[in-house]
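In the working numbering, each residue carries its 1-based index in the sequence shown increased by 1.
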Amino acid sequence: MSGVGQLVFDQDAAEQFDLRYRTRDMVRRRALVRDALGARPGDRILDVGCGPGFAIAELVDQVGTTGSIVGVDRSPQMLATAARRCAAFPNVMLHQADVAALPLDDAAFDRALCVQVLEFVPDVAAALGELHRVVRPGGRVVVWDVDWSTVSWHSPEPARMQRVLQAWDEHLTHPALPRTLAAQLRSVGFEGVEMVGYAFTTADLDPDTYAATVFHFVSQFVAGRCGLSAADVAAWVAEQRELDQRGEFSFACIQFCFSATRP
Ligand SMILES: C[S@@+](CC[C@H](N)C(=O)[O-])C[C@H]1O[C@@H](n2cnc3c(N)ncnc32)[C@H](O)[C@@H]1O
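Below, the structure is given as structure tokens:
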């Protein structure tokens, strides 16, 4: 996971996501997404970049037996995890595909969600164009991404902290995608675009927080990047654990929920 390239959604990542997406902050995030999506009984829902399938499993009750949910992800390991999670639901279908080339019919869905996926995707316009194509006229999309430039993370060694965050920016394609998403949604044809920011903050390294999940992935990812040696990363990890023990840990970031309608 370190050295070159972006975060890879392999078996190890699938196991980590399966574990960490059960935490309180991720449960909160999915509840916010469900509120924005407003699924109703009988709806046909698409979850693009469905990952381990938590959102699908939680939406099944809302759409009922007359509705259906399709999950798409590029990673076979993520899809295998989602398949296990959704095995009991006959109205859930999963496909391996790229968001920029969906193997799905035009106007086939009432609603679509795409949560923390587009920030990894090189051609965001193509991906949004696909979402627009597969949602019916009057249908709704919810797109959620993190603006990593909003991270405010306390360290008594700010220069090293800065390098850690710079190195972490290499885990994805667009570290500050929410800044342009509203305009990009409009330019592919969506209307009624709304943007809401949610702060994820914590003053301790409680494993149930988004901070703890980010801390895990950052500590695995950044060695060998931006001049950070394994020893530098180990020292930063130790520093953060000591701050937590002294009651001085502090993390905040803003995640953005966009909703829009196809006219
Ligand atoms: C951070 S996870 C989010 C998973 C899920 N949306 C959730 O919130 O629980 C990102 C997911 O997007 C998938 N992904 C990344 N790029 C993709 C692409 N171009 N097409 C389809 N899926 C993609 C990854 O395999 C991974 O499962």
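The beta-carbon is built from N, C-alpha and C at its ideal position, and this holds for glycine as well.
Whether residue i touches residue j by CB criterion (8 Å)
i	j	result
D48	G68	no
L38	L119	no
G139	T262	yes
W145	C254	no
V147	Q167	no
D265	A101	Because the chain in this structure spans residues 2 to 264, residue 265 falls outside the shown range and cannot be described.
L105	V135	yes
Q63	A40	yes
S220	H155	no
D19	P53	yes
L206	F216	yes
Proximity test, residue i beta-carbon vs ligand 1 heavy atom, cut-off 7 Å
i	result
D74	yes
Y199	no
Y22	yes
P104	no
Q117	yes
P176	no
A84	no
M94	no
P179	no
P53	yes
F121	yes
G50	yes
D146	no
V100	yes
F218	no
A56	yes
M196	no
F222	no
Buried or exposed by the 16-neighbour rule on C-beta atoms within 10 Å, applied to residue i
i	result
G248	exposed
M266	The requested residue 266 does not occur in the structure, where the chain is confined to residues 2 to 264.
Q78	buried
T214	buried
D36	exposed
E195	exposed
Q97	exposed
Q256	buried
S150	exposed
E192	exposed
I46	buried
D11	exposed
V142	buried
E158	exposed
T181	exposed
Sheet register partners of residue i (DSSP bridge)
i	result
H96	V73
V116	W145
Q256	V147, Y199
P45	Looking at the sequence shown, residue 45 is not Pro but Arg. Beta-bridge pairing links R45 to S69.
F110	V136
W154	F252
A261	V142
Is the segment 78–85 close to the segment 101–121, with three or more CB pairs under 8 Å?
no
Determine contact between the segment 192–207 and the segment 232–240, defined as no fewer than three beta-carbon pairs at a distance below 8 Å.
no
With a cut-off of 8 Å, do at least 3 Cβ pairs link the segment 228–236 to the segment 151–165?
yes
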